[in-house]
Amino acid sequence: MTRYIQRHSLMKRVIHGIVAVSCAVLIVSGFIVFVPVLGRAAGSDVVQVLRILHRVFAVSFIVAPLVGLIFAPKGFVHIMQNLFAKWDEDDKKFMMLFPKYLFAAKTTHMPKQHAVKSGQRLADLALIAASVLIAITGIVLWAGQYVTPEVFRISLLLHDVAFVLIAIIMCAHLYLGAGIFQPYRGLHRLMFGNGRVSEAEARYHWGHWAEEELASGKNVIEE
Amino acid sequence: MAEYAILYDASKCSACKGCQVQCKQWNMMPSSLGKDDNEFTGSYQSMPDLNGDTRLLIEFREEDNARGIEWAFSRRACFHCKEPACMDVCPVGAISQLPDGTVKLDSTKCVGCKYCTAACPFEIPKYRDAFNVSNKCTLCDDRTAQGREPACVQTCPAGAMAYGPRDEMIAAGKARIDELKAEGFDKAELYGETEMGGMHSLFVAKYGYETHGLVRDPKAKDITSLMAIMKPLTGIGIAAVVGGLGVSFLTAIGYEREDMPRGDKKEGKQ
Ligand code: SF4
Ligand code: SF4
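Protein sequences appear in the order of chains A and B. Under my numbering, the residue at position 164 of the first sequence is numbered 251, and the numbers go up by one with no gaps. Under my numbering, the residue at position 251 of the second sequence is numbered 574, and the numbers go up by one with no gaps.
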């Protein structure tokens, strides 16, 4: 019998799924417009279709988290609390060791972590900030005919800055979150599976959190 | 092929707006017909600026000076730059440069992204709502290809516009500046000879650039050059991250979790 902890709710997984798919479509369609050589090679009919897709998925990218915010405000508060949780010694140590861990995982022992690893807190914050920026500037660009060229220009620049940030963070997020990095194998099931993590996995990744959860037993499932 | 240009002479222009009307007529651009459709500009100028259906606008500027009230008229339309900022940023290649120097916006290719407006130092291309494309002067390339003058030039009753080989237009423009200076208009200057790499729509500015609303020493908007730098930087950034993660992947191959309790070991590894 193995003990599992329910880490992510169904709503969180569904919203994450919608945002992930939207983000993928937005990155690809945006990239083709972002690099003129690609857009010119694809031709304007293809670019026009991509621009429409970009808008459709922009809506799901923006609306999905807002729906979560409206229907599960407590969950949102919980996410925020985790993100802004105070850094303790283990958090700092984790961050210091992380670069070494990335390149010498076999010989690096990482300290215990709380619900969200300190490094991920930073990445998530940057990602959320960039997403808010890209969403707002995207809306301005969409309403381009109603704003002055100056506002349009600045929005376009900020949209691109946010795009670069998101594209780079996404590479790392995918590498770790989808478990391409060997020590993180299987983590994709947390968001794209049933949202459960085995006791052993939980202890490895988020030691402090696992202990708290196991002690409270509220989200523990035995199978 | 020789480069061609329009020469507009503000000192001869009577601001009759015939060119503005003829441009609309030839290019089949509707005018708004409703009462008060156009915002009042405080002068005889038709509308505050170019718009999706207006590629050419005669602007009115009034100045109260020692000579009395003087009008500075300006022909506002695309300058057909030799180094067109609009063309550089268009993501679909809808803007091209013809051998005679005309900068053409092909509305059948345009996707209406408005990047060209953002890049143009004069904000010339305007969004045409009904068709979801940007719109600007094409120097009547359909006419010039048949050996005809642009519609605006042909219609000008005051002879304030000419069209011909660019070097001849420059020579004529300079000669006119000399005449104006001799008459006491000492600020007169020719616009477009060198601006933006050399324009294909030249402007005899009777009262100097500023009075006619011309941008001195125009440059593609800073932000567009910033964006141009950002594209390769993005590529380098992503390549560096992916490369770094690739190395990380290689070093982690064969990783086994040592501190895993027995029985869970298999799962941790999968
Ligand atoms: S004036 Fe503006 S729209 Fe015309 S060619 Fe120059 S940059 Fe392009
Ligand atoms: S609005 Fe049209 S012409 Fe202007 S940059 Fe976009 S696609 Fe090109």
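Beta carbons: idealized from backbone N, C-alpha and C, even for Gly.
Check	Outcome
Alpha-carbon spacing of B/Ala400 relative to A/Val227, whole angstroms	26 angstroms
Backbone CA spacing between B/Val412 and A/Ser205 [nearest angstrom]	40 angstroms
Nearest candidate by alpha-carbon position, reference B/Ala562, set A/Ile221, A/Val307, A/Trp296, A/Val251	A/Val251
Cβ neighbour criterion (16 or more within 10 Å) applied to B/Gly470	exposed
Span of the beta strand (DSSP E) around A/Gly162	From DSSP, A/Gly162 is part of no beta strand (DSSP E) but of the alpha helix (DSSP H) over 160-170.
Whole-angstrom distance between B/Asp372 and B/Ser355, CA atom to CA atom	14 angstroms
Nearest-angstrom Cα separation, counted from A/Pro160 out to A/Arg100	16 angstroms
Cβ shell of A/Gly273 (< 8 angstroms), same chain only, five flanking positions each side left out	Gly266, Glu288
Touching by the beta-carbon criterion (3+ pairs, under 8 angstroms), the stretch 372-392 of chain B and the stretch 327-341 of chain B	yes
CB contact check: B/Gly591 to chain A, cutoff 9 angstroms	The predicted model places B/Gly591 with a pLDDT of 41, which falls under 50 and marks its position as unreliable; any figure quoted below should be read in that light. So, interface residue.
B/Thr467 at chain A interface by Cβ criterion, 9 angstroms	no
Short CB-CB distance (under 9 angstroms) between A/Ala210 and chain B	no
B/Ala328 (DSSP reduced to helix, strand or coil)	strand
Distance between B/Ala442 and A/Arg240 (C-alpha atoms, nearest Å)	8 angstroms
Member of B/Pro422, B/Tyr438, B/Thr364 whose CA lies at the smallest distance from the CA of A/Glu237	B/Tyr438
Ligand 3 heavy atom lying under 8 angstroms from the CB of B/Ile418	Judged by which ligands are present, ligand 3 is missing from the structure shown, whose ligands are ligand 1 and ligand 2.
Meets three-Cβ-pair contact criterion under 8 angstroms: the stretch 384-400 of chain B and the stretch 97-111 of chain A	no
Backbone secondary structure at A/Tyr188 - three-state DSSP	helix
Residues of its chain near B/Tyr367, where Cβ-Cβ distance is below 8 angstroms and the 5 sequence neighbours each way are ignored	Ala338, Phe383
is_contact[B/Gly611, chain A] using C-beta, thresh 9 angstroms	An answer regarding residue 611 of chain B cannot be provided, because it is not within the stretch 324 to 593 covered by chain B.
A/Val122: CB within 8 angstroms of a non-hydrogen atom of ligand 2	no
Cα-Cα separation, B/Thr461 to B/Thr547	23 angstroms
Euclidean distance between Cα positions of B/Glu595 and A/Trp229	Not covered by the structure: residue 595 of chain B. The range shown for chain B is 324 to 593.
Under 9 angstroms by beta carbon: chain A residues contacting B/Val570	Leu189, Phe190
Cβ contact (3+ pairs, closer than 8 angstroms) linking the stretch 123-143 of chain A and the stretch 421-435 of chain B	yes
Any chain B beta carbon closer than 9 angstroms to A/Lys193	yes
A/Tyr319, buried or exposed, once every other Cβ within 10 Å from all chains shown has been counted against 16	This structure does not reach residue 319 of chain A, given that chain A is present from 88 up to 310, and the question cannot be answered.
Which of helix, strand or coil DSSP assigns to B/Leu573	helix
Nearest-angstrom Cα separation, counted from A/Lys193 out to B/Met583	Its pLDDT being 47, under 50, B/Met583 is placed unreliably by the model, and the measurement read from it follows with that caveat. Going by the C-alpha atoms only, they are around 13 angstroms apart.
Residue nearest to A/Leu220 in terms of C-alpha spacing, selected from A/Ile253, A/Val146, A/Tyr271, A/Leu209	A/Ile253
Residue span of the alpha helix (DSSP H) that contains A/Trp293, given as start and end	Per DSSP, A/Trp293 belongs to no alpha helix (DSSP H) and is neither H nor E.
Minimum C-alpha distance to B/Asn350 - residue among B/Gly375, B/Ser369, B/Phe363	B/Gly375
DSSP state of B/Thr377 mapped onto helix, strand, coil	strand
Chain B residues whose Cβ lies nearer than 8 angstroms to that of A/Pro270	Ala575, Tyr578, Arg580
Cutoff 6 angstroms; reference B/Ala485; Cβ partners in own chain excluding five residues on either side	Leu330
Positions along the stretch 234-261 of chain A whose CB lies within less than 8 angstroms of some CB in chain B	Pro236, Phe239, Arg240, Ile241, Leu243, Leu244, Asp247, Val248, Phe250, Val251, Ala254, Ile255, Cys258, Ala259
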